[in-house]
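4 protein chains.
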Amino acid sequence: MRQDYLFVEAAIPFIAALIPKAPKSHRVVLGKAIPTLESELELFRERARVAGVTLEDIVPTLTNHAYVQFLLASAYSRSYAEAFTVLYVAEKAYYESWSVVRAGIDRGSVWFPFVDNWTSEAFQGWVEYLQRELDGLADAVGAAERERMGELFELTAKYELAFWEMAAGGESWPGLA
Amino acid sequence: MRQDYLFVEAAIPFIAALIPKAPKSHRVVLGKAIPTLESELELFRERARVAGVTLEDIVPTLTNHAYVQFLLASAYSRSYAEAFTVLYVAEKAYYESWSVVRAGIDRGSVWFPFVDNWTSEAFQGWVEYLQRELDGLADAVGAAERERMGELFELTAKYELAFWEMAAGGESWPGLA
Amino acid sequence: MRQDYLFVEAAIPFIAALIPKAPKSHRVVLGKAIPTLESELELFRERARVAGVTLEDIVPTLTNHAYVQFLLASAYSRSYAEAFTVLYVAEKAYYESWSVVRAGIDRGSVWFPFVDNWTSEAFQGWVEYLQRELDGLADAVGAAERERMGELFELTAKYELAFWEMAAGGESWPGLA
Amino acid sequence: MRQDYLFVEAAIPFIAALIPKAPKSHRVVLGKAIPTLESELELFRERARVAGVTLEDIVPTLTNHAYVQFLLASAYSRSYAEAFTVLYVAEKAYYESWSVVRAGIDRGSVWFPFVDNWTSEAFQGWVEYLQRELDGLADAVGAAERERMGELFELTAKYELAFWEMAAGGESWPGLA
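Here it is as structure tokens:
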């Protein structure tokens with residue numbers, strides 16, 4: 000959960016770095032996503048207080064840090080359609096993962112408000128919006144760029160999988176005790 | 000006014016490009032500035048409809064286009080404190096300029112809502128916030144970076160002055176009829 | 000000439016900023032362009048010593064500064080094919096302009112080595128390479144991106160024209176004595 | 000060795016992305032580093048042919064991909080002094096690691112030219128140059144930035160360690176068979 004907090008926090012610079020490259024029709028939506036992410040961080044802090052968990056001085060795991068660097072580097076150095084692919088896969092995976100959690104979690108759990116947030120109709124609508132727009136972008140680009148979108152789709156899924164493995168199994172930096 | 004619309008529109012990618020470099024304490028404020036700018040664009044579109052002016056297909060003047068490129072290039076290639084200096088001077092100039100306009104404009108003018116927006120207490124508070132934070136950043140950096148902040152202060156003021164000269168005098172691209 | 004020095008100096012960060020976005024087949028060529036530009040700056044400094052001109056503390060004109068910001072902002076926020084269009088037009092214009100100068104300049108002029116450099120077969124080959132690659136990029140992208148390449152083609156030409164107008168007529172910053 | 004090839008290849012966009020932020024005194028040196036890296040890639044390809052290893056279609060491991068994203072994201076979103084810290088640690092670690100290898104490798108090994116390259120006087124001089132410049136940058140920045148430089152020093156060392164662990168032990172993406 001503490002690693003999740005870092006990840007949501009890191010989504011803000013990622014989305015911000017997409018905005019200057021975005022078509023004007025995406026700017027309003029991406030711009031609104033930033034205050035939404037800030038509200039989610041506030042939800043984290045509030046739930047952490049209830050659960051007695053501190054969110055200060057969290058050291059990111061390799062996988063978490065790496066995933067965040069991947070988001071940022073994609074936003075800066077890849078085309079908009081390629082970086083948007085990364086955004087879509089990350090959000091889609093979040094939605095799917097929490098939907099699985101929803102099926103198994105006690106509604107009285109201190110973490111239930113998370114489940115509620117990332118399986119909400121609003122979040123589902125956001126993911127569907129991203130999917131429609133991704134399809135439009137994929138139609139508009141040339142063949143070589145579309146292939147790179149596919150590579151990034153797969154790569155983001157691999158990071159996502161590594162992230163959940165880390166969350167499940169614990170992880171330390173290789174070569175450090 | 001149409002050139003102003005382009006300029007406000009361009010402030011959005013500028014501020015977005017600052018966010019990944021910003022200290023966490025600035026992120027919430029800068030993140031909220033983006034939807035605020037979107038509301039200002041909506042105000043432009045609404046006033047333009049009232050005044051019968053179109054905001055489609057505006058060709059930026061050299062000075063306007065140049066100023067926007069300067070904002071973006073600063074956000075990407077300069078340090079945060081340097082790029083923040085550019086933000087401060089641009090916003091401060093906006094506040095001061097509209098304060099002068101306020102003194103001379105008829106309250107019934109179709110453009111009065113602009114004056115009201117950029118001389119409002121909210122906007123004044125934003126400019127004062129930027130000034131306090133700029134002072135803090137200037138205290139925290141080394142001497143060489145502080146000198147570059149000074150150079151960018153002056154340079155932004157020169158762009159701002161050129162922008163108002165253009166607005167007053169009309170302008171076309173040099174070498175074109 | 001002093002403004003030209005600033006401009007050539009500014010081409011280095013522009014090309015550097017293109018490299019992370021470039022296809023691998025372009026990296027070697029763009030990477031070699033940077034030491035070439037450094038040699039050209041050395042030629043400037045050598046010629047300036049001969050002519051008794053100082054290259055210290057040159058203040059860029061609005062047009063020169065603006066053009067440089069446009070290059071940088073394009074490299075950072077536009078797609079590779081779009082930013083490559085800007086590179087091509089700037090280099091092509093350089094070649095064509097110096098070819099015109101060549102026709103009229105005395106071979107004993109202190110500036111003749113410039114003419115010789117930018118009308119050389121090597122430089123002509125570079126411009127032809129850029130043109131072939133630009134054609135390839137234009138074929139590979141989607142229709143919307145190709146249209147933006149066209150807009151940037153025209154915009155770069157407008158900056159280039161403004162640059163030569165400035166060089167011919169002198170220029171100060173608008174609103175400053 | 001194939002993962003190393005990918006990593007050296009990725010150092011090119013990293014250094015290129017540093018150039019627009021670099022002080023002018025660093026530009027010539029960083030600019031020359033790019034063709035040097037291209038020569039190193041050529042050495043890889045030549046040795047690979049001798050050893051009968053293919054360098055086509057290498058899939059980066061998580062750690063390798065992550066390290067590269069970390070380099071790029073640092074170059075884009077961190078201050079120059081911070082990103083330069085990352086460059087220094089990566090190069091220093093390369094030098095130290097190959098010095099250890101040198102002590103144990105047979106001079107007739109097909110890989111000995113690598114050892115020779117990265118333990119050469121030229122490479123040692125480069126690392127020493129980086130160290131001197133890093134010290135100068137650390138002196139020039141404010142206290143908060145110096146602290147961030149320290150954090151990046153440690154983080155880069157952690158990535159470097161993970162990279163050598165991966166090279167030693169093999170690695171696949173977590174969660175994939």
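Protein chains in written order, with numbering that gives the first Met the number 0: chain A, 0 to 176; chain B, 0 to 176; chain C, 0 to 176; chain D, 0 to 176. A virtual CB, placed ideally from N, CA and C, is assigned to each residue, including glycine.
Proximal residues to residue i (C-beta, below 8 Å), its chain only, five neighbours per side dropped
i                 : result
Ala-156 (chain D) : Val-88 and Ala-92
Val-7 (chain C)   : Leu-36, Glu-39, Leu-40 and Phe-43
Lys-31 (chain A)  : none
Thr-60 (chain B)  : Gln-2, Met-165, Glu-170, Ser-171 and Trp-172
Tyr-75 (chain C)  : Ala-16
Leu-5 (chain D)   : Ile-57, Pro-59, Asn-63 and Val-67
Coil, strand or helix - residue i by DSSP
i                 : result
Pro-34 (chain D)  : helix
Met-165 (chain A) : helix
Ser-24 (chain A)  : helix
Glu-132 (chain D) : helix
Pro-173 (chain B) : coil
Met-0 (chain D)   : coil
Gly-141 (chain C) : coil
Beta carbon of residue i nearer than 9 Å to that of residue j
i                 : j                 : result
Phe-43 (chain B)  : Asp-105 (chain B) : no
Leu-154 (chain D) : His-64 (chain A)  : yes
Ala-82 (chain A)  : Leu-133 (chain A) : no
Val-85 (chain C)  : Ala-9 (chain C)   : no
Gly-141 (chain D) : Val-126 (chain B) : no
Same chain, Cβ closer than 7 Å to residue i, neighbours up to 5 away in sequence not counted
i                 : result
Arg-1 (chain A)   : Val-52, Leu-54 and Ile-57
Phe-122 (chain D) : Tyr-94 and Asn-116
Val-114 (chain C) : Trp-97, Val-100, Arg-101 and Ile-104
Ile-18 (chain A)  : Arg-26, Leu-29 and Gly-30
Pro-12 (chain B)  : Leu-71
Leu-136 (chain A) : Ala-80 and Phe-83
Closest residue to residue i among the options (Cα-Cα distance)
i                 : options                                      : result
Pro-129 (chain C) : C:Pro-19, C:Arg-26 and C:Glu-45              : Here residue 129 (chain C) is Leu; the residue named in the question, Pro, does not match the sequence. Nearest C-alpha to Leu-129 (chain C): C:Arg-26.
Ile-33 (chain A)  : A:Glu-45, A:Ala-16 and A:Arg-48              : A:Ala-16
Trp-163 (chain A) : A:Ser-119, A:Phe-13, A:Trp-97 and A:Ala-72   : A:Trp-97
Arg-145 (chain C) : C:Arg-131, C:Ala-80 and C:Val-99             : C:Ala-80
Ser-108 (chain C) : C:Ala-143, C:Ala-50, C:Met-148 and C:Ser-73  : C:Ala-50
Glu-90 (chain A)  : A:Ser-76, A:Arg-77 and A:Ser-119             : A:Ser-119
Glu-45 (chain D)  : D:Trp-110, D:Ser-78 and D:Ala-21             : D:Trp-110
Pro-22 (chain D)  : D:Tyr-158, D:Ala-143, D:Ser-171 and D:Ser-78 : D:Ser-78
Ala-47 (chain B)  : B:Ile-18, B:Arg-131 and B:Pro-112            : B:Pro-112
Arg-147 (chain B) : D:Gly-168, D:Lys-20 and D:Ala-74             : D:Lys-20
Ser-73 (chain D)  : D:Arg-131, D:Gly-124, D:Ile-14 and D:Ser-24  : D:Ile-14
Spatial neighbours of residue i in its chain, beta-carbon cut-off 6 Å, leaving aside the 5 residues before and after
i                 : result
Ala-161 (chain C) : Thr-62
Gly-174 (chain D) : none
Ala-143 (chain B) : none
Glu-159 (chain D) : Ala-92
Gly-124 (chain D) : none
Query - Length at least 4, wholly inside the region 47-126 of chain A: the alpha helix (DSSP H) runs in chain order - result: 61-76, 79-103 and 111-117
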